[in-house]
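Asks:
Residue numbers (our numbering): 8 to 996.
(1) Can at least three beta-carbon pairs, one atom from the segment 601-609 and one from the segment 617-629, be found at a separation below 8 Å?
(2) Go ahead and label residue 726 buried or exposed: buried means 16 or more other beta carbons lie within 10 angstroms of its beta carbon, across all protein chains shown.
(3) Does the Cβ-Cβ distance between residue 594 and residue 574 come in under 8 Å?
(4) Quick one: Cα of residue 1006 to Cα of residue 199, how far?
(5) Exposed or buried, which one is residue 930 when buried takes at least 16 other CB atoms within 10 Å?
(6) Can you find a heavy atom of the ligand SAH that lies under 7 Å from the Cβ of residue 144?
(7) Return yes when the Cβ of residue 350 is within less than 8 Å of the Cβ of residue 370, no when it is not.
(8) Based on the DSSP output, what are the partners of residue 930 in its beta bridges?
(9) Taking the beta carbon of residue 547 as the centre, do at least 16 other beta carbons fall within 10 Å, making it buried, or is it exposed?
(10) Helix, strand or coil for residue 478 per DSSP?
(11) For residue 367, which residues in the same chain have their Cβ closer than 6 Å to its Cβ, ignoring the five residues on either side in sequence?
(12) Here's a check: name, in chain order, each residue in its chain whose Cβ is nearer than 6 Å to the Cβ of residue 277, leaving out the five neighbours to either side.
(13) Considering just the uninterrupted stretch of the alpha helix (DSSP H) at residue 684, what are its terminal residues?
(14) Can you tell me the Cα-Cα spacing of residue 59 and residue 79, whole angstroms?
(15) Around the Cβ of residue 859, are there at least 16 other Cβ atoms within 10 angstroms (buried) or fewer (exposed)?
(16) Extract the residue ranges of the alpha helix (DSSP H) inside the segment 254-339, only unbroken runs of 4 or more that lie entirely within it.
(17) Is the segment 937-946 touching the segment 954-969, taking contact as three or more C-beta pairs under 8 Å?
(18) Hey, could you find the ends of the beta strand (DSSP E) residue 994 is sitting in?
(19) Looking at C-alpha atoms only, which residue of 691, 954, 640 and 777 is the closest neighbour of residue 964?
(20) Determine the DSSP secondary structure at residue 551, reduced to helix, strand or coil.
(21) Starting from residue 769, follow the alpha helix (DSSP H) in both directions and report where the run begins and ends.
(22) Taking all protein chains shown into account, decide if residue 639 is buried (16 or more other Cβ within 10 angstroms of its Cβ) or exposed.
(23) With a threshold of 8 Å between beta carbons, is residue 767 in contact with chain B?
(24) Please state if the CB of residue 750 and the CB of residue 718 are separated by a distance shorter than 8 Å.
(25) List the endpoints of the continuous alpha helix (DSSP H) containing residue 640.
(26) Roughly how many whole angstroms lie between the Cα atoms of residue 995 and residue 853?
(27) Under DSSP, the alpha helix (DSSP H) around residue 406 begins and ends at which residues?
(28) With distances taken Cα to Cα, identify the nearest neighbour of residue 279 among 842, 263 and 324.
(29) Any idea if residue 901 is buried or exposed, counting beta-carbon neighbours within 10 angstroms, 16 or more meaning buried?
(30) Taking all protein chains shown into account, decide if residue 745 is buried (16 or more other Cβ within 10 angstroms of its Cβ) or exposed.
(31) Going by Cα to Cα distance, which pick from 394, 260 and 338 is closest to residue 430?
(32) When the Cα atoms are used, what is the spatial distance from residue 11 to residue 89?
(33) Quick one: Cα of residue 714 to Cα of residue 850, how far?
(34) From residue 709 to residue 741, what does the alpha carbon distance come to, in whole angstroms?
(35) Rounded to the nearest angstrom, what separates residue 355 and residue 511 at their Cα positions?
(36) Is it right to say residue 359 is buried, meaning 16 or more other beta carbons lie within 10 angstroms of its own, or is it exposed?
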């Protein structure tokens, strides 16, 4: 049976009631009633006999009632309801919960909570809500990343951790993977009054009631938290809050509020820093918050308290470190005092209380460290019998004597009853340099700095006394090595005090001027040659009389007799010299000392009488011995000879030269010195002169010199009447020496020296070698046309052509008449005539025959007839007509194709004319350039082409000079026969 599985339904002779049988081979039927035809199901690959095997999108028929009542996906919702709800009847997770009317058979877990939809239906939970489930019904892996209690931990992680996924305060903080919910953030899981959110911000533990920031408390703490003791001090959190003490600070509490046992940490802590732990203080009955309430024997920790329990100025901590008693105000280490001393005890018995010693900065434990003015108590007997300053007088006697028991130099020597100490013995109370013990031995006065034995001085003298009245203290005299008891033994520079009257009237140096007057005059009272002669009031001593203070060789006594100045080495009578002249002076200012002039035999009073080699001093005399206008001093400075009128530096002249010098010619150029100065030339430079001022014969050196460097010596220039100072004024034939002047006299760009070497004329701007040009040419040269080609030299330089070659030029640059009679292309026509004719002066086949004036030398055969142009010109035939003379087989009188034409508008050969072309009815011609491009074509050529372009971008333009190729087709109407001609033509202009 090929029709189906029910042979009954296949018997076509039987009439079946409608709907009884369905033929599965009928593509339009819907055998399973799912609304999809059999044919579509076959195409879709679904079963047309299975009502739950179909593609919903392909349903085109209404499903039958059986299908509507069925539940294909087992989600408990009938197919018909799913269609109505718009859910998928084949997807067990696509349904409306309120439409469930059948038993759920699906084992899927639509919400991913681990409980199948069937079990959720049985449990009455929502299969689409991952947080609606019975934990006991979980049989599948949890796939939903849900956080049902909002604590940031997924349900899966809570079940793995063993915490309650529905309790927001039951979680493992290490498993948080989601942001907590707002409701969770507002909770206070640990009851400490700080919300979970604030604890999270503060970084504290929201599950630890003792981990919080007090400033973040915003909700009431829980009763369980109130009963805790977070800081372990024995006081509940609630009581600490009521007391306003620190809930988290174990050392912030009220002792009266203790109701709980303190923890071990608190017991081992030392809240007050007294070194006794809190637990021990409770045992001892002392206050663990009072650092001065403790039993010293209970100290077991380092004392950190900065209090001073006994008022001695030392903190308890420092007393503990020092090993002193913090409750005994006289048990302390003075160096440890760091606080204000409040104790009124006098621990050292010096009569000054500790508190006053602290204010004075003295040591309250040292009986010899005190300020006597601060004494307010009676010293003890030990202090009275001490000798604090070591001067041999005990403190008690010093108090009775009114002397200072702390000053070893404040004593009455008669009351010395104890042995002075070594410090006192070695001291010097009066500063005279003698120790106290030596003064006692010498029986001199301990307190008189002028009562001492000089030989006993062993210490530095510190006394500012001047025992001898010379104005220098004893201390300075000892330092200077002078005698402090001798008024004339002193160093004047050390005088710091006024001298006494006895010293003022003395004449210590014997120069006749008393000390007081020497000080007034500013002279040295210890120097017999330092005085003001007008101040002499006493008779000089014999030593001064026989001395020579100014070194002029005349002793002081004789100078007084001669009325010369004994202090002026230039004031003396020469005949009275009895001693050597020792003064290093130059009385006449010539730079030679008087002593050397005397030795040389010159006059030490004449500035022009001296030996130059003896000059050792600066020349100060303003004289000009040689009359050249330069003073001797300046000549010496310049290194010139002050006795040679031609040895000087002109820039140093400061005086008028004398007449002898004016008439000299120092440089030998024939112009006197005077005239050179008048002309502003240099009288020492033989090439600095005005020739018109020459009045003397030049010397031989000048005659043989070449001042202007033009190669012609000066004397020859005078003979040639050229200018010896102008390097461009010379006769070339007179050059006898090397040309040294770097000049270009003719402006051609080649300097004179190079022109001489090249053999060109340095005075001719058109006589030069182009390769020798080294300087810029002048404007005149640039405007010239040296080669007469009609182009200026300057333009040729710009064009890169040769200004000396009449055949090297750019035709477009011609601006002058062409005067050179040259034929550059050898066609027999001069360049000038070719330019005038409009032909090309560089093309031997571009010329006008009638313009030939020179021999044709090019050797060209312009018409290609085998005869050179020179031959054709000579015999009178046309060099552009290959059939003149008629010697070719292609030449006849009736037909001729020329090989050139010149469309230049001169009326000659301006058109391309084919002789005899009119004999043909068909005459087609095309011209090509050398690249094969068309330039002209005609289907009926009339001998009218003038070289104009018909093609390309330059239509209508004249074609350039050159060779062009033609294709000519000739024939007659009515005949297919054609004569083809191919060739070339030269277009010239």
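Where is the CB? At the ideal position from N, CA and C, for every residue including glycine.
Replies: If we stick to the structure as given:
(1) yes
(2) exposed
(3) no
(4) Within the shown structure, residues of the chain are numbered from 8 to 996, placing residue 1006 beyond reach of any answer.
(5) buried
(6) Inclusion of the ligand SAH in the displayed structure is not the case, the ligand content being empty and no account of it being possible.
(7) no
(8) 947 and 977
(9) buried
(10) coil
(11) 378 and 381
(12) 284 and 308
(13) 680-686
(14) 5 Å
(15) buried
(16) 271-274, 285-291 and 323-329
(17) yes
(18) 985-994
(19) 954
(20) helix
(21) Element bounds for residue 769: n/a, residue is neither H nor E.
(22) buried
(23) Here chain B cannot be found, since the structure has a single protein chain.
(24) no
(25) 639-645
(26) 6 Å
(27) 402-408
(28) 324
(29) exposed
(30) exposed
(31) 394
(32) Note on residue 11: pLDDT 46, under 50, position unreliable in the model; the coordinate value appears next. If I take the Cα positions, the gap works out to 32 Å.
(33) 55 Å
(34) 17 Å
(35) 58 Å
(36) buried
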